[in-house]
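To start, the structure under review is shown below, and the notes come after it.
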Amino acid sequence: MTLRAWPGRPYPLGATWDGSGTNFVLFSEVATRVELCLFDDEGNEQRVDLPEVTAYCWHGYLPAIRPGQRYGYRVHGEYDPSRGLRCQPAKLLLDPYARAIEGQVRFGQEVFGYRLGGREDLEPDTTDSAGAMPKSVVVDDRYEWDGDRHPGTPWHRTVIYETHVKGLTMRHPGVPEELRGTYAALAEPVIVAHLRTLGVTAVELLPVHQFVHDGHLADKGLRNYWGYNTVGFFAPHNEYACGGGRGAQLREFKDMVKGLHAAGLEVILDVVYNHTAEGNHLGPTLSFRGIDDRAYYRHTRDPRFYMDYTGTGNSLNMRHPHVLQLIMDSLRYWVNEMHVDGFRFDLAASLARELHDVDRLSAFFDLIQQDPVMRGVKLIAEPWDVGDGGYQVGNFPPLWSEWNGKFRDSVRDLWRGGEQAVPEFAARLTGSSDLYESSGRRPYNSINFVTAHDGFTLRDLVSYDEKHNEANGDDGGGGGEDNNRSWNHGVEGPTDEPEVNALRARQQRNFIATLALSQGVPMLLGGDEIGRTQQGNNNAYCQDNGISWYDWERVDAALASFTARALALRREHPVFQRRRWFQGRPIRGSGVRDIAWFDLTGREMADDTWNVGFARSLALFLNGKAIAGLSDRGHPIVDDSFLLLFNAHHEALPFRAPPAQWTARWTAVLDTSNADGSGVGSIAAGGEWVVQGRSLVVLRSAA
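Below you can see the structure in the form of structure tokens.
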């Protein structure tokens, strides 16, 4: 039977089922004809022309098409790479607005728009790619949310757990085998219980937008584990669903969100809107390239080649209104339809590039600022890209929080005994006001982290001086950062030496305690709390195996318990969760300020003390009676006062407590020199407390 499409409507883009049929819309300025391709269960294809074009949106309505229907597009037009034209109707294209995608790309000549082995990309290839391509799927968006609500955790109370859907659950014995590595597994009671026991409030998931496993990785028997290779900005990645194809991944993803919300946990997505999986001009033709290359991608002066601010071969063209629309439609979809609570934007500086420079007021940020949906969710920038001038920590607009790479570097420097580390460390510990205060932002706009997916795990940070990425299988050593600010404490990698292992364990506690008690929002790399190792691999993007998966059979239970203790201390005391900046001024004429720094003698730090290059110790006073702002119910916020004693020196050091005007008596509540982190003992004002080498002690006011 020959199908004929009705004219349909030009909006919304994508495939929209209305209960009777499906409306299809595809944007392209360069197309001369667009064919909708429908596939049955055996892979047989039926083509239907989209009969209407309105403002470059090709559209048609088919009354018989229901959810579960697989489809793609063939776009007719010119193939002339020298003019940025790459239409090739032999290549089946994914719908950029597909809500679900079934299958994976099978790399070969079929998926390339040019002839491999010819004159690079100048000679078009007419091999049909349908058999090698995944298919878009028509979906039914209806779902019973049962009163699900966003937890709405305030920024200052937020604790983020960065994790991977598959890696977190793939080896957990408490998760049924058939669910491991899936969205369903993430909401399993045993996983939720672990997260709640830790005290985190949000999971930040590495990319779950549909992505492609790179062909060069497949040739080496590897896979794209991290997922920073997006091909579908609306579709949950299908390999993380246990419920089969035909759009079942939508329901499973929504079930996961609903389950995590019921436990009070927010869901933040790591999103990649800066580039796509199609790579440079020699990459495959999967979707955007064949639909409208000039609209979707940034080009150099020669339209044949792409600007690359991401290190992946291409950059999305944020100057084009339909690209901006695509991104904004995608973001709103994930909030409104999938109920996620926020986004972490990969290489966010690339989104701000209007021409070549990073522009704080680019069109993308203007759209975010005025959008009523986006203003209500958490927005986190990775504030750099790989282009010139791309390091933009501290320069994002007021709505945005940022990964604070300077926090990471300064904390690592202090605890490995670096010289001149104390002044920088002090600035990061107290919220990085030098980066955020002048732009109207608050301490919680700093996302503090010591480790993240990109780099060493915490255990590897204290176990390796050098990266060990040989498993990545390339001649350059497997990529990854060379300047890790790591320290192996005398032995490279695993060791049976008790003293080395004890020091490594203490250093892990130092890092976690520093992260938990700093002003700003702590982000814990998933698995750090159980001692996860990647065997020294600091670039495990292609390790979809035991190198990356959490090993739940070898859990460092003591470290997990310590992490929960440190985060509980933060949660229970608002002095560690300040919403406003420290003033450093005397409070009510008492001479006691909201914050003060002391040296080993109990005297306030002087300028010459700060500038002593070999200094590796300091004490921080936090006044619980001088917390600016009001509680949620409009009452003054009052807490205990705390004295934090940092000793990054290799030997024990005596710290003298400040005079009685600050606090009459102190009691220990945390000591990283103890395996369980317990603090024992108390001292009066002016008394002496010996802090063991490379340790942190937290004292609370007892009077």
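As numbered in my numbering, residues 98 to 800 make up the sequence shown, in order. Ideal Cβ placement from N, Cα and C applies to all residues, glycine included. All figures in this text were calculated on a predicted structure; none of them were measured in a lab.
Can you look up residue i in the DSSP assignment and give me helix, strand or coil?
i    : result
N566 : coil
V262 : helix
R101 : coil
I627 : helix
Q758 : coil
N580 : coil
C339 : coil
C184 : coil
G783 : coil
N120 : strand
P751 : strand
V483 : coil
V150 : strand
G81  : Here the chain comprises residues numbered 98 to 800, so residue 81 is not present and cannot be evaluated.
A599 : helix
Y561 : coil
T224 : coil
L452 : For L452, the predicted model reports a pLDDT of 49, less than 50, meaning its position is unreliable and no value from the coordinates is stated.
V672 : helix
Is the beta carbon of residue j closer than 8 Å to that of residue i?
i    : j    : result
T298 : R254 : yes
A128 : G174 : yes
S615 : L526 : yes
L219 : P186 : no
G111 : C134 : no
R343 : G165 : yes
C154 : F121 : no
E285 : E259 : no
D625 : L555 : yes
L100 : V145 : yes
F718 : S738 : yes
A799 : R762 : yes
Q789 : S775 : no
N636 : G575 : yes
L366 : V289 : no
D729 : V672 : no
A754 : L740 : yes
T409 : G376 : yes
W481 : Y488 : yes
A693 : A613 : no
L283 : V305 : no
N433 : V470 : yes
Can you tell me whether residue i is buried or exposed, with buried defined as 16 or more other CB within 10 angstroms of its CB?
i    : result
L452 : Note that L452 scores a pLDDT of 49, beneath 50, so its modelled location is shaky and nothing firm can be said.
S583 : buried
Y430 : buried
T151 : exposed
P540 : buried
H313 : exposed
W512 : buried
L213 : exposed
For residue i, which residues of its own chain have a beta-carbon under 7 Å away from its beta-carbon, when the five flanking residues on both sides are left out?
i    : result
P495 : S536, G537 and R538
F350 : Y280, P333 and M435
Q632 : H565 and I644
Y393 : F385, L413, N414 and V420
S117 : P160
V588 : E594 and V597
Suppose the cutoff is 6 Å on Cβ atoms and the five residues either side in sequence are ignored; what does the same chain contact list for residue i look like?
i    : result
V508 : V547 and T611
W678 : S530 and E534
E207 : T224, S226 and A229
R180 : P400
W500 : E479 and I544
G577 : K564, N566, N635 and N636
What are the residues that DSSP puts in a beta bridge with residue i?
i    : result
G439 : I365 and K475
K232 : E199
N542 : BP columns for N542 are empty, so no partner.
L742 : A716 and V794
I257 : A299 and M620
I692 : L719
Q307 : G329
Q143 : L135
G157 : F121
H396 : Y403
W500 : I544
Beta-carbon within less than 8 Å of residue i's beta-carbon, same chain only, minus the 5 sequence neighbours each way: which residues are those?
i    : result
P756 : G699, A782 and G783
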